[in-house]
Every structure is written in structure tokens, then in C-alpha cells.
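What follows is a set of notes on a single structure, which appears directly below.
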Amino acid sequence: MLDKRLYKFNPILLFIFLISCSSEKSLDLNKDIFDLKSNISNIIDFENNTIVYQDFKGKVYKEDLINDTVLWSYKGEELNMPSLAHLKIEKEIFLTSPKAVLKLNNNDGRLVSSLSDLIVGRTTNLAHQDDLIIASSLKGIYSFKINGNKLQYQLDSFKNSGTTNNSSFVTDDEFLYVLGLGDSLSYSHNNLLKLKKDSGQLIISKRINCDYFLGLTSSNTNIYCALKKNNDYIVNSYNKENLELSWSNKYENKLINDILFFNDYVYVLSNDEIFCLSGKTGILKYENKIPPFSRVIKINKETIYLGNYKGIIRYKLSKTGLFEAKIIHGENNGFWEINNFIFVSEENKLYKYSSSNGASMSK
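Sequential numbering from 104 applies to the sequence shown in this note's numbering.
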């Protein structure tokens with residue numbers, strides 16, 4: 104016989120239930136679904152309900168999602184595969200091809216210029232600040248002006264570190280910090296370098312004793328570097344001013360997939376765990392189990408979105424760790440965070456996630 108005391112009204116439990124429901128409702132997202140003209144390999148830009156993307160053959164499309172029309176498309180001979188890196192700067196789009204960096208006009212898709220050089224081939228990372236674009240390729244580091252078509256400088260003998268998050272360098276207002284750059288005559292390949300951003304002049308070369316690099320991120324004061332040495336995976340923090348080691352953490356048999364800095368903390372993603380570390384001391388704040396081989400899509404003060412090909416999951420951030428809030432999407436072909444919206448693709452279908460009022464999910 105059932106115990107009737109089990110059904111006694113408990114106001115405390117009711118209060119907790121109502122709070123949890125309210126909290127989950129505040130985390131609700133809007134979902135918009137669009138049918139595109141082709142499958143998506145890259146999303147380059149999204150603004151005012153227009154999207155610029157590439158298909159798996161490298162062709163570039165700009166579509167009006169509301170009116171379901173293609174505004175322009177571009178397919179040159181040099182674009183026979185998806186770009187490894189891209190940038191959208193005001194009215195221009197920069198795309199990498201196997202042998203060049205292309206600049207397209209965002210209004211009409213017209214090819215404006217093509218930068219071709221031995222060092223430009225297989226460019227994997229593009230970044231810009233002010234009027235300068237800095238890039239890394241399999242051959243080296245180089246830079247060029249946004250409105251120019253000539254190299255400003257190039258640093259050869261660059262050993263691509265194979266960073267999983269494409270962060271083989273970071274910049275600040277004045278300096279460029281590079282992983283894996285090395286000149287065979289003067290220093291080893293395994294280095295962290297500090298260079299003048301506008302000229303490429305070497306300021307400091309810091310020897311890093313490791314097999315290879317896994318990722319790079321930075322704060323205003325420090326460089327955080329993930330690397331592998333023997334069977335250990337290591338995260339080091341270096342002072343930006345002199346590249347002296349601030350702290351070092353070792354993770355045995357924990358393949359590091361991603362590393363990023365946010366809001367005074369360093370987040371390290373291994374094959375099945377996330378570690379939250381103090382950026383100043385490296386002291387562990389918490390660790391949580393996560394789906395295998397996840398990447399960070401977006402992080403803000405309240406939530407962190409992680410994804411792999413099996414799904415996109417949103418977690419609530421707290422002082423003691425993460426708790427799962429909601430699976431927002433299942434199996435997919437790719438995911439991106441563009442202008443504070445999250446996009447997920449399934450063949451030629453595009454899903455756009457925004458906050459419950461339809462606005463972007465800004466930090």
C-alpha cells in the first residue's frame with residue numbers, strides 16, 4: 104500500500120521546481136530554418152538576413168534568406184575546394200585558395216584582387232587589425248595591407264604547428280606572438296616568438312621544449328599555449344612582456360582539442376573533459392565531463408555552447424562547474440558562431456539559433 108505521506112504538499116520543493124522552470128525558460132532559443140541553394144562547407148558572413156557561404160566545391164554564394172534569392176555567386180578556377188580561412192572586412196571578403204588569397208567585393212561578388220606567392224599557398228589562418236592582415240600558411244607567416252596587393256613582410260621556415268583551433272598566432276595592438284616559427288640557421292622550430300606586428304621584426308625568441316604545439320590563446324597580459332611533450336599534454340602561461348613562464352599544468356593522456364581565454368579564466372578542452380583554470384595562477388577552478396572531441400562554439404558570462412558532429416549542447420556556467428541545460432541540436436555537418444548567432448548545417452538546410460526575443464546572443 105502506498106504511503107500517503109509521499110504526497111504531502113512541500114512548499115520548498117515547489118519553489119525549487121518553479122525556479123528551475125523559470126531558469127530554463129530564460130535560456131530558450133529561437134530557431135529559424137532556411138533551405139539554401141547548395142550544401143554548406145563554410146559560413147563566411149551573416150548580416151541583415153543575408154548570408155555568404157561556400158559549398159564543398161569552393162563556390163561562394165550570397166543569399167537573401169528572407170526572399171530566398173541568390174544575390175550573387177562566385178566560382179573561379181583558383182577556388183576548387185573550400186577555403187581554409189576567410190575574413191569579412193566591411194565591403195570586402197578575403198578567401199584562401201590552394202595558391203592565393205582572393206579578395207571579393209561583398210556587394211556584387213566581383214573578384215577585386217588575388218595575392219599569389221610561394222608563402223601564400225595553403226594559408227590556414229587570417230587575422231586583421233587596423234589596415235593590416237596577418238596570415239599563416241604551411242610555408243610561413245606573412246602580412247599585407249587590406250587595400251594592397253603586395254606582401255608587407257614574410258617570415259619563412261615556418262613549421263606549421265598543426266594547432267587544432269587554427270591559432271598559430273595571436274596579436275595585440277603592437278606585437279605578434281607566433282608558435283612554431285623557426286629559422287634553421289639561428290633557432291629551433293619549437294619556439295614562441297614575439298615580433299613587431301607592423302614589420303615582422305623579431306623582439307624575443309623563447310625556446311619551448313616540446314614535440315609540437317596544439318593551440319594558442321591570450322589575455323591582455325599573458326600568452327597561453329597548449330603543447331605535447333612525450334606522452335604529456337601541457338598548458339603553459341607566458342608573460343607577454345618578456346615571455347617568461349608564469350605557470351605550467353600537465354595533463355596525462357588528455358588530448359587537448361581546444362584552448363581559449365574568457366573572463367579571467369583559461370578553458371582547456373581535452374578529448375572528454377573541460378578544465379577551467381585561473382588565468383593568473385593556473386589553479387583548477389573545476390573540471391567537467393563533456394561529449395568526446397567537443398569544440399567551444401560560444402561562451403558568455405552565463406552559458407557555454409559546445410559542439411561536435413553528433414550535437415550542440417548548451418551548459419550553464421556556475422562557480423563550481425557546468426550543468427547541462429539543453430541539447431539544442433543533434434547530428435550535423437558543421438556549426439559556426441557568426442555575429443553572436445549560432446548556425447548549424449545539415450546538407451543544404453541551415454538552422455539559426457538566437458535568443459528568445461530573436462536578438463543575437465551577445466556576451
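Beta carbons are placed, not taken as given, at the ideal position from N, Cα and C, and that holds for glycine.
Nearest-angstrom Cα separation, counted from residue j out to residue i
i, j, result
"S381", "T406", "18 Å"
"Y478", "F365", "Past the edges of the chain, shown from 104 to 466, lies residue 478, and the structure says nothing about it."
"N312", "L298", "20 Å"
"L221", "Q257", "10 Å"
"D148", "L205", "16 Å"
"S458", "G224", "40 Å"
"A203", "T384", "42 Å"
"S397", "K191", "26 Å"
"L420", "N391", "11 Å"
"I393", "F272", "27 Å"
"E450", "S141", "8 Å"
"L453", "K178", "21 Å"
"D492", "I415", "This structure gives no information on residue 492, because the portion of the chain shown stretches from 104 to 466."
"M184", "G243", "21 Å"
"L387", "G410", "23 Å"
"L168", "S200", "26 Å"
"N435", "Y412", "5 Å"
"N293", "F137", "46 Å"
"D367", "E277", "22 Å"
"Q255", "H231", "13 Å"
"Y164", "L363", "31 Å"
"N170", "I237", "36 Å"
"S126", "S219", "Any reading at S126 must be qualified, since the residue scores a pLDDT of 40, below 50, and its modelled position is unreliable; the value itself is stated next. In a straight line, the C-alpha of S126 is about 53 Å away from that of S219."
"L330", "W175", "42 Å"
Candidates the options: closest to residue i by CA position
i, options, result
"L425", "V173, Y389, N133, F272", "Y389"
"K332", "I359, L387, S349", "I359"
"G437", "L139, I143, L132", "I143"
"N356", "I430, S373, N250", "S373"
"L346", "S239, L214, L279, I196", "L279"
"E180", "S217, F149, N209, Y156", "S217"
"I306", "F378, T320, E344, G243", "E344"
"G251", "F197, I362, I169", "F197"
"I326", "N133, D138, T274", "T274"
"L145", "I337, S448, L132", "Going by the sequence as given, residue 145 is Asn instead of Leu. Comparing Cα positions, the closest option is S448."
"L229", "N334, K194, K248, L214", "K248"
"D301", "I377, L214, S308, S246", "S246"
"N334", "S349, K353, L241", "K353"
"S68", "V371, R310, Q304", "Only positions 104 to 466 of the chain appear in the structure, and residue 68 is not among them; the question remains open."
"L132", "S239, K429, W439", "K429"
"I154", "A188, N209, G161", "N209"
Residue burial classification, residue i (beta-carbon count within 10 angstroms, cutoff 16)
i, result
"F159", "exposed"
"V173", "exposed"
"T266", "For T266, the predicted structure reports a pLDDT of 42, less than 50, and the residue's modelled location is therefore unreliable. The matter cannot be settled from this model."
"D233", "exposed"
"T324", "exposed"
"D211", "exposed"
"L207", "buried"
"K134", "exposed"
"K128", "Note that K128 has pLDDT 41, beneath the 50 cutoff, so the model's placement of it is unreliable and the number below is only indicative. Under this definition K128 is an exposed residue."
"T226", "buried"
"L241", "exposed"
Cutoff 8 Å: residue i Cβ touching any chain D Cβ
i, result
"K413", "No chain D appears in the structure shown, which is made up of a single protein chain."
The beta strand (DSSP E) enclosing residue i, as first and last residue numbers
i, result
"V369", "368-372"
"L453", "452-458"
"S308", "305-310"
"L221", "First-last for L221: undefined, no H or E at that position."
"F197", "195-199"
"F378", "376-381"
"F396", "No beta strand (DSSP E) holds F396; DSSP gives it neither H nor E."
"F446", "444-449"
"C57", "Outside the modelled stretch of the chain, which goes from 104 to 466, sits residue 57, for which no answer is possible."
"R417", "414-420"
"I244", "244-248"
Below 8 Å, can you find three or more Cβ-Cβ pairs linking the stretch 386-401 to the stretch 437-445? Here the stretch 386-401 lies against the stretch 437-445, with 3 or more beta-carbon pairs under 8 Å apart.
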